[in-house]
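Once you know that position 277 of the sequence shown is 277 in UniProt numbering, the rest is easy, because the numbers rise by one and skip nothing.
We put the CB at the ideal spot given by N, CA and C, even for glycine.
As structure tokens, the structure follows; a few thoughts come after it.
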Amino acid sequence: MHTFTHGQALWDVACPRRPSPVAGVTMAGFRVRDLDTLRMVPHPAVTLLLEFGADSPVLDCAPGRQQRGSMVAGPGFGSGGAVRARGENVECVQVRLSPVIARAVLGASPADLDGAVVSLGDLWGRESSRICEQLGDVSSWQDRFALTDALLARRHEAGPTVDPEVAWAWQRIVVSRGLTRIDGLAAEVGWSRKRLWSRFRSQLGLPPKRAARLVRFDHAAHRLVAGEGAARVAADSGYADQSHLHRDVMAFTGSTPATVAGEPFLAVDDIAWPSRGATAVPHVAGDLRLGRRRSPLGGHPLT
């Protein structure tokens, strides 16, 4: 268990001792006595929140709209900076799912989330409350992670997979940190642009260009949190200039690069997700360039 201090915020953070057996899954445990208006920053993964504490976390998503308890949100959730999390005595396991495996684990495509957040009970029914009860019944975080891993592995094994061409295109975007030439992906897998764009959007929840933009933003935002200057980050992350970075950060978060550099949602990552830069995405069956299968691709980092 680690302690994360950010201003007046004090969180207990737990990490699994070993990687998940399901490639594309990472998780962390949080215990927060007073979660005071945390801005949600978009991330290139599907977020699964399993709560089991004395009180339920609350997401204020829009004027008059809230979501409580265990929930799931699609990649890029929180764009615009309008979503805030709050609560008292919050205890939860937060899971980040690569969009490539999210459809199998959730039993629904990330596209069905449409960039929003939904109650996990609406997707899983009784299984949602059952896993939360089990998490609350054990006292060890490592046991909680093992329970969560077993559930995710079982659902992943039984669920539908995405097209290998789509998985490969996502992998290229992630490995390049959002800088791969998007218009060339279709030709590399031997599909038409229309077919790849349609399948990518329907299976992963966002179109390729937005996926690349989100991955690039995530990489840049974490460099800002690490203390690097905006001009250097813009130059190294594929932005035309510092103003371009500023516009992208504003679009995703509703705030400036200087403000994002101090966001607790991002600052906690070094503790909660220590292997964030080395987390494997699911393996693709083979090299699909020009429609020809070659040697298997290895795992690559999910930013």
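- DSSP lists Asp12, Glu91 as the bridge partner or partners of arginine 31.
- In the pairwise beta carbon analysis, the region 29-44 is classified as touching the region 235-254: at least three pairs are separated by under 8 Å.
- Setting aside the 5 residues that flank it on each side, glutamine 134 is surrounded in the same chain by Leu147, each with a C-beta closer than 7 Å to its C-beta; the list follows chain order.
- By the criterion of at least three beta-carbon pairs nearer than 8 Å, the region 138-152 is not in contact with the region 174-188.
- Here DSSP, grouped into helix, strand and coil, assigns methionine 71 to strand.
- Between serine 109 and serine 70, the beta carbon gap of about 19 Å keeps them out of contact (Cβ cut-off 8 Å).
- Glycine 29 and aspartate 241 have their C-alpha atoms spaced approximately 37 Å apart.
- Around the Cβ of threonine 26, a 10 Å sphere holds 16 or more other Cβ atoms; the residue is buried.
- Around the CB of glutamine 171, 16 or more other CB atoms lie within 10 Å, so the residue is classed as buried.
- Here glutamate 165 is buried, its C-beta having at least 16 other C-beta atoms within 10 Å.
- Looking at the backbone, the Cα of alanine 187 and that of alanine 220 are separated by about 28 Å.
- Residue burial is scored here from C-beta neighbours: aspartate 143 has fewer than 16 other C-beta atoms within 10 angstroms and is therefore classed as exposed.
- Inter-residue distance for alanine 158 and arginine 103 is about 11 Å (C-alpha atoms, whole angstroms).
- Between leucine 266 and valine 215, the CB-CB gap reaches or exceeds 7 Å.
- Inclusion of aspartate 163 and arginine 199 in the CB contact set at 7 Å is warranted, their separation being smaller than that value.
- In the DSSP assignment, phenylalanine 77 forms no beta bridge with any residue.
- Residue burial is scored here from C-beta neighbours: alanine 45 has at least 16 other C-beta atoms within 10 angstroms and is therefore classed as buried.
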